[in-house]
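A.B. asks: Dumping the structure here so I can ask a few things about it.
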Amino acid sequence: TGATIVATGPLSTALELPAQPTGTLRIALAPGARAALADQAEAIAALASPSVEDAAALAVIAAELAQGDGAAPERWERLAREALADLDAMQNVDGGWGWWAGAPSQPFTAAFALEGQAAARAVLGDGRAPSLRAVGYLSRVAPLADADTRAYITYALARAGRADSAPEALADVEALGAAVGMARVDLGW
Numbered sequence: 050t051g052a053t054i055v056a057t058g059p060l061s062t063a064l065e066l067p068a069q070p071t072g073t074l075r076i077a078l079a080p081g082a083r084a085a086l087a088d089q090a091e092a093i094a095a096l097a098s099p100s101v102e103d104a105a106a107l108a109v110i111a112a113e114l115a116q117g118d119g120a121a122p123e124r125w126e127r128l129a130r131e132a133l134a135d136l137d138a139m140q141n142v143d144g145g146w147g148w149w150a151g152a153p154s155q156p157f158t159a160a161f162a163l164e165g166q167a168a169a170r171a172v173l174g175d176g177r178a179p180s181l182r183a184v185g186y187l188s189r190v191a192p193l194a195d196a197d198t199r200a201y202i203t204y205a206l207a208r209a210g211r212a213d214s215a216p217e218a219l220a221d222v223e224a225l226g227a228a229v230g231m232a233r234v235d236l237g238w
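In my numbering, the protein residues as written are 50 to 238.
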């Protein structure tokens, strides 16, 4: 009663039951975060037509799973690299990404794709620079976006190592601060 077994990978265990059971035996299996992420990555990888968000999420999740001590790190790295290649192929001529391959570019989706590329490449040790076309697209559209999207674009640009492009994304700091209910903050740029 109340026993907890922590394990990674396949597990076999024997339970000693009383000779005269007096109730119902309940066994609860709770997968860890790694198992839940692996399940999610498997589901995304199985999609026939993944969205840009799916590809970006798969790149990040699979890259992280490839670095852990779990099963099949080579497979996870391969899936991460394939997802990164899919993102490259889904990028629009203007440098952004739409919700789906070929759809008109959307600022939030483009920021998420750029962040996914940067995060997965960092984990995989892939030294390629972030897409300059994406940086250009996000720098052009950020001033026209709502405050929340501008803040996210700024984060994605910084995550991609392009903090030099972030000030343009936050062109109106007072409006951004008011939008999130904060006082004006000196960002030091």
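Just so it is clear, CB atoms sit at the ideal spot from N, CA and C, and this is done for glycine as well.
1. Could you compute how far the alpha carbon of V172 sits from the alpha carbon of P70?
2. Output yes or no for whether 7 angstroms exceeds the beta carbon distance between P153 and V190.
3. According to DSSP, simplified to helix, strand and coil, what is I93?
4. Measuring only the C-alpha atoms, how far is V109 from L66?
5. Determine, using beta-carbon pairs with one atom in the region 75-90 and one in the region 139-148, whether at least three such pairs fall under 8 angstroms.
6. Closest to E126 by C-alpha separation, out of A112, D135, G117 and A132, would be which residue?
7. Less than 8 angstroms between C-beta atoms, sequence neighbours within five positions excluded: which residues of the same chain meet that for L136?
8. Determine the closest residue to M139 out of S98, G174, A168 and I76, with distance taken between C-alpha atoms.
9. Roughly how many angstroms lie between the CA atoms of E131 and S61, to the nearest whole one?
10. Do L128 and A94 have their CB atoms nearer than 7 angstroms?
11. Does E123 come out as helix, strand or coil in the three-state DSSP assignment?
12. Could you please give the first and the last residue of the uninterrupted alpha helix (DSSP H) stretch that includes V184?
13. Am I right that P179 and A209 are in contact with their C-beta atoms under 8 angstroms? What's the rounded C-beta distance?
14. Sorted by chain position, which residues of the same chain lie with C-beta nearer than 8 angstroms to G185's C-beta, five sequence neighbours on each side aside?
C.D. replies: In short, the structure shows the following:
1. 50 angstroms
2. no
3. helix
4. 43 angstroms
5. no
6. A112
7. V101, A104, A105, A108, W146, A162, G165 and Q166
8. S98
9. 34 angstroms
10. yes
11. helix
12. L181 to V190
13. 4 angstroms
14. G144
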